[in-house]
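Asks: Heads up: the sequence shown at position 52 corresponds to 51 in numbering that gives the first Met the number 0, and the numbers run straight through without jumps. Where is the CB? At the ideal position from N, CA and C, for every residue including glycine. Please read all numbers here as calculations on a predicted model, not as lab measurements. Pasting a structure below so you can have a look.
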Amino acid sequence: MNWDNSKLEASQLVEAKEHYQRRLGGLASEIVNEYGLSKLDEFSQEVKQDYGLSLSPSTLRNYLWVYEKTKDLELPDDLSYRTLQYICSSGDPAGWAKRIKDEGLSSAEVYRLMRQDRGVKDDVIICPSCNASFPKPK
0 MNWDNSKLEA SQLVEAKEHY QRRLGGLASE IVNEYGLSKL DEFSQEVKQD YGLSLSPSTL
60 RNYLWVYEKT KDLELPDDLS YRTLQYICSS GDPAGWAKRI KDEGLSSAEV YRLMRQDRGV
120 KDDVIICPSC NASFPKPK
């Protein structure tokens, strides 16, 4: 095992995992700006036809939505894509962006705080069958 090669590979994996959705959102935005929203379907079909990779138009539209709502917020690159989705659907993306920058919040902290704001209690487990609440084991 080569230590330096392993570090390089790890950095590339993390980079790809955290950023491919953002980049696809940017590509979708470029396509829509140049050719219109309907071209995302054709783009998706051609990616599958030319490269054998499934990329659904609805996924591209989701990436586009997140990209458009977050592109000007100057959010840290290390936020997970799921956190970006939560920020977009929060009703106050700019407010969350300010908190993240001011307080140095991580993705996990943003998720926890958003759940608290919605009244979700993390210290209990709710039975999906009967809605009974039980204390979360420590």
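Reducing DSSP to helix, strand and coil, say where GLY90 ends up.
Replies: coil
Asks: Go through its chain and collect everything with a Cβ distance to GLU33's Cβ below 7 Å, but skip five positions before and after it.
Replies: none
Asks: Between the alpha carbons of GLN20 and TYR62, how many angstroms are there, rounded?
Replies: 6 Å
Asks: Span of the alpha helix (DSSP H) holding LEU59?
Replies: 56 to 69
Asks: Going by the beta-carbon positions, is the gap between TYR66 and SER28 smaller than 8 Å?
Replies: yes
Asks: Taking LEU39 as the reference, which of PRO56, GLY51, VAL46 has the closest Cα?
Replies: PRO56
Asks: For the alpha helix (DSSP H) containing LEU78, list its first residue and its last residue.
Replies: That residue, LEU78, is in no alpha helix (DSSP H); it is neither H nor E in DSSP.
Asks: Note down, in chain order, each residue of its chain lying with its Cβ closer than 7 Å to the Cβ of GLN84, except the 5 sequence neighbours on either side.
Replies: VAL65
Asks: Count the C-beta pairs between the segment 69 to 79 and the segment 95 to 106 that are closer than 8 Å, then say yes if the count reaches three, no if not.
Replies: yes
Asks: Please report the residue range of the alpha helix (DSSP H) in which SER106 lies.
Replies: Here the alpha helix (DSSP H) through SER106 covers 106 to 116.
Asks: In terms of residues, what are the limits of the alpha helix (DSSP H) holding LEU36?
Replies: Per DSSP, LEU36 belongs to no alpha helix (DSSP H) and is neither H nor E.
Asks: Helix, strand or coil: which one does DSSP assign to LEU23?
Replies: helix
Asks: Flag this pair as yes or no: are the beta carbons of PRO92 and LEU112 separated by less than 8 Å?
Replies: no
Asks: Taking its Cβ as the centre, do 16 or more other Cβ atoms sit within 10 Å of SER43, making it buried, or is it exposed?
Replies: buried
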